[in-house]
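S.K.: Just dropping this structure here.
Residue numbers (the working numbering): 64 to 184.
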């Protein structure tokens, strides 16, 4: 009985850890409207293209809230560097919106999208 436990417990533990570490692609997906990061990104992109800066600021706050929710969910299953880069890009995007800089805002959004895609790798 002890021999079985000695093999089964480590195997189950390893399976659980592998499951957690490879679940980033699933966990980053939206489970409700409050955590739909990619939707907020595309909404902000349209706001910036249309130079609707006040709406872009509102949507940026919703993006930050959504990213905080998703970031907590995926923190153990994705590379930390990708999460840090998304945080950095969101901060830069905030500055671009404050400055009403269309090109910088679109650049930062494109970078956020690339880092978002890389979360599941």
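Note that beta-carbon positions come from the ideal geometry of N, C-alpha and C, so glycine has one too.
Could you pull the start and end residues of the alpha helix (DSSP H) that residue 165 belongs to?
M.R.: Its alpha helix (DSSP H) spans residues 165–181.
S.K.: Identify whether residue 66 lies in helix, strand or coil by the three-state DSSP scheme.
M.R.: helix
S.K.: Thinking C-beta only, is residue 111 closer than 8 Å to residue 169?
M.R.: In this structure, residue 111 lies closer than 8 Å to residue 169 by Cβ.
S.K.: Closer than 7 Å by C-beta to residue 150: which residues in its own chain qualify, once you throw out the five before and the five after it? Chain order, please.
M.R.: Nothing listed; no residue qualifies.
S.K.: In chain order, what are the residue ranges of uninterrupted alpha helix (DSSP H) at least 4 long that sit wholly in the region 89–174?
M.R.: 100–112, 116–137, 143–162
S.K.: Among 120, 96, 114, which one has its Cα closest to the Cα of residue 33?
M.R.: In this structure the chain extends from 64 to 184, so residue 33 is not present and cannot be described.
S.K.: If residue 138 sits next to residue 146, beta carbons under 8 Å apart, how far is it from one beta carbon to the other, in whole angstroms?
M.R.: 7 Å
S.K.: Looking at C-alpha atoms only, which residue of 108, 141, 130, 121 is the closest neighbour of residue 172?
M.R.: 108
S.K.: Using three-state DSSP, classify residue 76 as helix, strand or coil.
M.R.: In this structure, residue 76 counts as helix in the three-state DSSP scheme.
S.K.: Sort 71, 174, 115 by Cα distance to residue 162 and report the nearest one.
M.R.: 115
S.K.: What does the Cβ neighbour count give for residue 160, buried or exposed, with the cut at 16 atoms within 10 Å?
M.R.: Answer is buried; the Cβ neighbour count reaches 16.
S.K.: Look at the alpha carbon of residue 4 and the alpha carbon of residue 68, and state the distance between them as a whole number of angstroms.
M.R.: Residue 4 falls outside the range modelled here, since the chain spans only 64 to 184, and no answer is possible.
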